[in-house]
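Here the protein sequences line up with chains A and B, keeping their order. Position one of the first sequence corresponds to residue 6 (this note's numbering), numbered consecutively onward. Position one of the second sequence corresponds to residue 6 (this note's numbering), numbered consecutively onward. Written below as C-alpha cells is the structure these notes are about.
There are 2 protein chains.
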Amino acid sequence: MHSDPLSATFTALAHPARRAILARLARGPAAVMDLGRPLGLSPQAVSKHLKVLEGAGLIARTRLAQWRPAALVPEALAEAAQWLEDTRRARQDRPAARRNEPSAR
Amino acid sequence: MHSDPLSATFTALAHPARRAILARLARGPAAVMDLGRPLGLSPQAVSKHLKVLEGAGLIARTRLAQWRPAALVPEALAEAAQWLEDTRRARQDRPAARRNEPSAR
DNA sequence: GCCGTATTCAACCAACTGGTTAATTAACCA
DNA sequence: TGGTTAATTAACCAGTTGGTTGAATACGGC
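So, in C-alpha cells, the structure goes:
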C-alpha cells in the first residue's frame, strides 16, 4: 500500500469521514455502528475507513462480544504533528531573509 | 476538487514527493527545476505537485524572469497542526477511563 | 526577430479510492 | 438449535491520482 508511515498517516487524515471518526474516538472507543450512524455511512464503508486508519497505526481494534470497538492510538498522531512542527521550525530558523533567486545553472 | 480546506491540506501532505518539496521550501523559495532534480522528478510532474500544494494554500508562486519560484505559506501548515493538537487534547481531556461498552441498542 | 531555457498544458493510461450490493462469519440470546 | 445483531469480505464501478509524452507558452539574451 504505502511504503512510508507518514504517507499512510496523512493519507488516512485526508478524508473528512476518517477525521470525523478519529475525532469521535478521541472521546473514547466506539464500535462500527456508532461511528457510522452520525456520519450517514454504511457499516461496510466504515469498515473500510477503519482498515485505512488501522493500517496507518492511528487506531487499534479489540473484540467485545459481537462488537469490534476501535480506540485511538495517539502516538501516530504525534508523528504527523512532529513533521509539521519540524517543517515549520526549519522555515523559522531560515538564516535571514534570502533572495528569491533560483540557483545558478 | 476538495470542498474542505483540511482535506486539501492533508491530501497534499500525503505524497512523499510533496512533503520533500515542502521541506525544501522551508529552507527558502525554489523553482521547478531545483525542486525536481534532487527527487528525480520531471518538470511536468513537479508542476502537477505544485498545483496540488498551491490549491491547498501551502505554497505561493511568483514570477522571476522565466522562473516561477514557489514559497512556503506556513499558515496552512498551522491549520493542520491545530487539528492534530485539538484531537490529541480531546483525547487527553477525556473524563476518566471509560468503559469499552458500545452504546445500547 | 530567433534561439535557448523554464514552465505549463493536453491527452493518455495504469493504479488506487470510496462508495455500493450481496454473501459470509462471529457472537449473543431464547 | 435457530434467530438476530455486528462486522467483514468480495465483486463491482465511476472518479481521481500520479506519472508519462508531445506540444505550446513565457521570458531573456544575442
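Each residue gets a CB set at the ideal place from its N, CA and C atoms; glycine is no exception. Computed from a predicted structure; not experimentally measured.
query                                                                                                            : result
Extent of the continuous beta strand (DSSP E) run through L27/B                                                  : Counting along the chain, L27/B falls outside any beta strand (DSSP E), though it belongs to the alpha helix (DSSP H) covering 21 to 30.
H20/B: contacting residues in chain A (beta-carbon distance under 9 Å)                                           : S12, F15, T16
A31/A versus V78/A, L18/A, W72/A, R93/A, residue with shortest Cα-Cα distance                                    : V78/A
is_contact[E85/A, chain B] using C-beta, thresh 9 Å                                                              : A small correction: the amino acid at residue 85/A is Ala; Glu does not occupy that position in the sequence shown. It does: the Cβ of A85/A has a partner Cβ on chain B nearer than 9 Å.
DSSP bridge partner residues for R66/A (one or two, in chain order)                                              : A75/A
Interface partners of P43/B on chain A, CB under 9 Å                                                             : Chain A residues near P43/B: none, gap ~11 Å exceeds 9 Å.
8 Å Cβ cut-off: residues of chain A touching A25/B                                                               : The premise fails here: A25/B is roughly 11 Å from chain A at the closest Cβ pair, so nothing lies under 8 Å.
Rounded C-alpha distance that separates T67/B from L11/A                                                         : 29 Å
Same chain, Cβ closer than 7 Å to S47/B, five either side skipped, listed in chain order                         : G41
Beta carbon of A65/B nearer than 9 Å to that of L44/B                                                            : no
Short Cβ contact (9 Å threshold) for A17/A with P74/A                                                            : no
Reference T14/A, options G60/A, A76/A, A25/A, D39/A, closest by Cα                                               : G60/A
Boundaries (first-last residue) of the alpha helix (DSSP H) holding D39/A                                        : 37 to 41
C-beta contact flag for A76/A and G33/A at 9 Å                                                                   : yes
Contact under 9 Å by Cβ, H20/B with V51/B                                                                        : no
Rounded distance between the beta-carbons of L63/B and L82/B, thought under 8 Å                                  : 7 Å
Spatial neighbours of W72/A in its chain, beta-carbon cut-off 7 Å, leaving aside the 5 residues before and after : A36
Residue-chain proximity (L58/B, chain A), Cβ-Cβ < 9 Å                                                            : no
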